[in-house]
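Colleague:
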Amino acid sequence: IDTDFHRPLQCEFCGQCMDTCPVGAITSNCFDYTVKVWELKEATTPCPYCACGCSLTIGSKNGEIRRVFSDPEKGSSNGNLCVKGRFGWDVVDHPERIKTPLLRANGTFREASWEEALRYVAQKLETIKDQYGPEAIAGIASSRLTNEEYHLLNILFRNALGTSQIVQSGEEATRGLTEGLAKTLGIAASTNSIQEIRNADCILVIGVDPAQTHPIIKNEIQLALRRNRAQLIVVGSYDISLTQATSISPLLPPSITLLDQPGREIHFLSAMIQTIFKEGLENRDFIKEKTEGIEELRKQISAFQPEFSDQTDGNRNEIEKAARTFAQSKKSMILVGSGLWSHLDSKAVAVASSNLALVTGHMGKESSGILILLEKCNSQGAVDMGLFSGGKGNGRKGLLRKALDGKLRALYLIGENSSFSSPAFGGQALEKVPLLIVQDLFMTETAEKAHVVLPACAFIEKGGTFTNLERRVQELDPFRPPLHQSKSDFDIFLALLRLLECPIPGETPEAVFEEIGRVLPDYLGIQDGEQWPKGSTYLYADGFPMGKAKLIPVPEQTAHQSPEGYSFHLIQRPSLFQSSLLSSRSDALKHVLERPYLEMNPEDARRLKIEGGEVAQVLTPQGRSLQLEVKYSSKVVSGVVTSPYPCPLMEEEGTVPVKVNRLKSN
38 IDTDFHRPLQ CEFCGQCMDT CPVGAITSNC FDYTVKVWEL KEATTPCPYC ACGCSLTIGS
98 KNGEIRRVFS DPEKGSSNGN LCVKGRFGWD VVDHPERIKT PLLRANGTFR EASWEEALRY
158 VAQKLETIKD QYGPEAIAGI ASSRLTNEEY HLLNILFRNA LGTSQIVQSG EEATRGLTEG
218 LAKTLGIAAS TNSIQEIRNA DCILVIGVDP AQTHPIIKNE IQLALRRNRA QLIVVGSYDI
278 SLTQATSISP LLPPSITLLD QPGREIHFLS AMIQTIFKEG LENRDFIKEK TEGIEELRKQ
338 ISAFQPEFSD QTDGNRNEIE KAARTFAQSK KSMILVGSGL WSHLDSKAVA VASSNLALVT
398 GHMGKESSGI LILLEKCNSQ GAVDMGLFSG GKGNGRKGLL RKALDGKLRA LYLIGENSSF
458 SSPAFGGQAL EKVPLLIVQD LFMTETAEKA HVVLPACAFI EKGGTFTNLE RRVQELDPFR
518 PPLHQSKSDF DIFLALLRLL ECPIPGETPE AVFEEIGRVL PDYLGIQDGE QWPKGSTYLY
578 ADGFPMGKAK LIPVPEQTAH QSPEGYSFHL IQRPSLFQSS LLSSRSDALK HVLERPYLEM
638 NPEDARRLKI EGGEVAQVLT PQGRSLQLEV KYSSKVVSGV VTSPYPCPLM EEEGTVPVKV
698 NRLKSN
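Just so you know, we're using this note's numbering here: the sequence shown kicks off at 38 and counts up by one.
1. Go ahead and pull the three-state DSSP assignment for L295.
2. Below 8 Å on the Cβ atoms is my guess for L635 versus V693; work out the distance and round it to an integer in Å.
3. Going by the CB atoms, is the gap between N191 and G432 shorter than 8 Å?
4. Anyone know if the C-beta pair for M637 and V673 falls short of 8 Å?
5. Going by Cα to Cα distance, which pick from E153, C87, G122, N184 is closest to K499?
6. Using a threshold of 8 Å, state whether the C-beta atoms of W126 and I165 are closer than that.
7. Could you give the first and the last residue of the continuous beta strand (DSSP E) run that contains Q659?
8. Fully enclosed by the stretch 113-175, which alpha helix (DSSP H) runs are 4 residues long or longer?
9. Using the C-alpha atoms, what's the distance from R555 back to R446?
10. Is the stretch 499-510 in contact with the stretch 72-81, if contact means three or more CB pairs nearer than 8 Å?
11. Among the candidates L295, T362, S286, whose CA atom is the shortest distance from the CA of I313?
12. State the CB to CB distance for the pair G96 and S107, rounded to an integer number of angstroms; the pair is presumed to be in contact (CB under 8 Å).
13. Rank L218, R264, C87 by C-alpha distance to the C-alpha of T250 and give the top, closest one.
14. With a threshold of 8 Å, are at least 3 pairs of Cβ atoms found where one atom belongs to the stretch 280-299 and the other to the stretch 352-372?
15. So the beta strand (DSSP E) T94 belongs to, where does it begin and stop?
16. Near I303, which residues of its chain fall below 6 Å by C-beta distance, leaving aside the five closest residues on each side in sequence?
17. Give the straight-line distance between the Cα atoms of C239 and I407, rounded to the nearest whole angstrom.
18. What span of residues does the beta strand (DSSP E) with H606 cover, start to end?
19. My understanding is that L618 touches N454, with C-beta atoms under 8 Å, so please give their C-beta distance in whole angstroms.
20. Between the alpha carbons of R699 and G244, how many angstroms are there, rounded?
21. Any idea which residues DSSP pairs S680 with across the strands?
22. Taking only three categories from DSSP, how would you classify N698?
23. Please list, in chain order, all residues of the same chain as E209 whose beta carbon is under 6 Å from its beta carbon, the five residues on each side excluded.
24. Enumerate in chain order the residues of its own chain whose CB-to-CB distance from E257 is below 7 Å, with the five nearest sequence positions on each side excluded.
25. Determine the direct distance from the alpha carbon of Y577 to that of I331, and round the result to whole angstroms.
26. Which residue comes first and which comes last in the alpha helix (DSSP H) that contains I777?
27. Ends of the beta strand (DSSP E) at Y449?
28. Alpha carbon to alpha carbon, how far is R212 from A142? Give it in angstroms, no decimals.
29. Where does R321 fall in DSSP's three states?
30. Are the beta-carbon atoms of F49 and P252 separated by less than 8 Å?
31. What's the C-alpha gap between P683 and R321?
32. Put L381 into one of helix, strand or coil per three-state DSSP.
33. By DSSP, does R438 sit in helix, in strand, or in coil?
34. Report the residue from S113, N66, A62 whose alpha carbon sits nearest the alpha carbon of A565.
35. Leaving out the 5 sequence neighbours to the left and right, which residues in its chain are closer than 6 Å to T397 when beta-carbon positions are compared?
36. Using the DSSP secondary-structure output, state which residues sit across from E512 in a beta bridge.
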C-alpha cells in the first residue's frame, strides 16, 4: 500500500478519517480491543490545548479515557479535531502526575497533608507581606486555568496579599495584541467568529502558520479558498503550508507572500495603507462616520518611505496587489498570531492591523475584522479576568528578573515551568527566591526546585469555564474525581483565601461565575456555548464603545539588532504535534513527533558550505549551543533560521540572534 505516485504522505494524524470512514475500516490503535463502545461513559468538555476551544466528547470507563471525538453539533469545529485534541489525552494519566503535597525539609521533599501544606503557605505569605511588603510577593499563572480560578487568584493576590504582581505565563504577545485592539476599537478581544473565515473573500495572515498552531482555523481558510476563491496574503519571516494549496491548483488565485526579516510586519501594513490612500481605495463613508484620527494617520503614512532590499524588492508589486485586493474585497479578515515568535512589538502590530481594517471599512460586519489566534485554551479568559493588569514590565520575564535581583521573597507558580521556558536565567532566578511555591500536575524541573509543591488536577477532574479566541464560553464537565490526592486550582485558592481570612465570592465554580457576571457585564447571563456579549457573533455592528474607533499612527519598527558575528535570527516554529509542556507529556503524540532540525535558506547554507542533511552548530551570544541537522528550505528568508518546538535555545523575546557553524566532521 502506498500513496499515489509515491508522494509523501504528509498526514496530520488528526484521525478524522476514522469518523468519516463509511464502513469503519479505519480504527484507532489507542482504542481498538480495549473496551466495548456500549461500556463507555461519555462527557463533553472543551479541549485543553489551543484557543480554538474545540468540543471534545470523551468516552471513558472506570475513570480512564478510552477515546475522544467531536460532536458536529457542538462548538465551532464542525466535529473536526487535530492530532492533539484527539490523541493527546493520555497526559491526564501520566505516571509523573504529582500524587501528594510536598514540603522541602533539609534539602529533600517529604510528603505532607493538604492541611499542613496550605497552612504553611498561608503563614509564610502573610509573614513576608508583613515584613517586606506586598511587592515582595509575585505569581505567574498558566493560561489553562478556568475563568473562575482566575477570578479567585486575582482576589488572592490583590485583596488578600495586596499586590497586583500576578501575570499570565509567557504570553506577552497576547497582552500586546489585546491591548492594541482595546486601544483602537474598545474591546480586548477578537472581533469575529471562527466560522466566519469560510465566507471571507480575502484573508491576511500575519506571523502565524494556522496549519501548525490552530488546525481548525486552517480548515476554515481552506474552505474560503475553495468555495470563494479567496485571496490569501501571508506576512512573516517564512512561508506557510497553506500557500501550497494555492500554488498547485489552477482554480485558486496564487497566494501573495510578503516575507522579510523579523519585525517588518508594520512596514508591510503601512505600505499597504499607503497604497490604499494613494489609489483612493479607502472607505471614506466608514472613516467619516465611525473613526477619528484620519488626518494624523494620513500625515504619517504620506511621510512613510518603504524600504526594500535586493532580497525583498519583489515585495513592492506584491504589496500593491495585496492592498488593492484587501480593500476591494467585499469581506476581508486579518488573522494575527500571538506566539512569542510572532512579533517583536505585538501591540504596534495590533494597532496597525486595526488601521488597515478601519480605513477599508472591514469592521463591524460578518466575515470582516480581526482574529487573534491566541495560544492556549483559556488565554482569552485570562485577559477577560484581568490577569494582564499588573503593569508594564511585570510580565513573566520581568518578574523573573526581579527574582534574580533578589527583589522577590515569594514566588507562586501555577502551571508554570520557568526553568524550561526561560533557560538562560529562569533556573538561577528561582534559586534566589526564599519561598518558591509550585502548583502543577507534573513534577517539572521547576517543581524540583520548590519549597512547596501542590498537586493540581487535570481538566477532566474539575468544573468551571474556558473562553476561546472567539469569546465563546464553554463549561468543563468533570467525569471523575481528582487523581491521587490532587485538588483543583479552584479548591486550592479557596482554601488559601479562607486561611488568610479574605472574603470569598462563592463556594463553587457556578457561584463564582455569577460573581464574574456582576463584575464583568459581558459575562452576565452567558450560558454554556454562548459568545460574549450575549447574542453577538461579531463585534461593533452597532458602533464602538468609545463612540468612534481610533486611527493611530504607528512608528516604523526598528530593525532587530544582533551582536556582531551573530547574523541569523533563530525562530522557533510551532509544531502541530507539540505546542506546550502539556502536549510533551503525551506518549501518543511522541510517536509522530518530528526530529529536531534547523531549517535554512539554501543560499545561506551554501555560503557557509553546509549541505542539506549535515549537522551544524547553532550558538547564542550567551554561549549556549545546539547541534542540529540542516534542512534546505526556500520558504525561509535569508538571514533567518527556524527550528520546531521545543527549541532549548529560545527565550521570551521571540527571536534569538545566533551564529551557525558547519561542523568539521559530520
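Ideal Cβ placement from N, Cα and C applies to all residues, glycine included.
Modeller: So, to answer that:
1. strand
2. Incorrect: roughly 13 Å between the Cβ atoms, too far for contact.
3. no
4. yes
5. N184
6. no
7. It is not in any beta strand (DSSP E) - Q659 carries neither H nor E in the DSSP assignment.
8. 120-124, 151-169
9. 34 Å
10. no
11. T362
12. Not quite, the Cβ-Cβ distance comes to about 12 Å (not below 8 Å), so this is no contact.
13. C87
14. yes
15. 92-98
16. A385, A389, V591, Q594
17. 12 Å
18. 605-610
19. 6 Å
20. 29 Å
21. Q609
22. strand
23. G432
24. I231, Q232, I234, R235
25. 19 Å
26. Limits of the chain in this structure are 38 at one end and 703 at the other, which puts residue 777 out of reach.
27. 447-451
28. 38 Å
29. helix
30. Looking at the sequence provided, one finds Glu at residue 49 rather than Phe. Yes.
31. 46 Å
32. coil
33. helix
34. Here residue 565 is Asp; the residue named in the question, Ala, does not match the sequence. Checked all of S113, N66, A62; the closest Cα to D565 is S113.
35. N320, A364
36. T502
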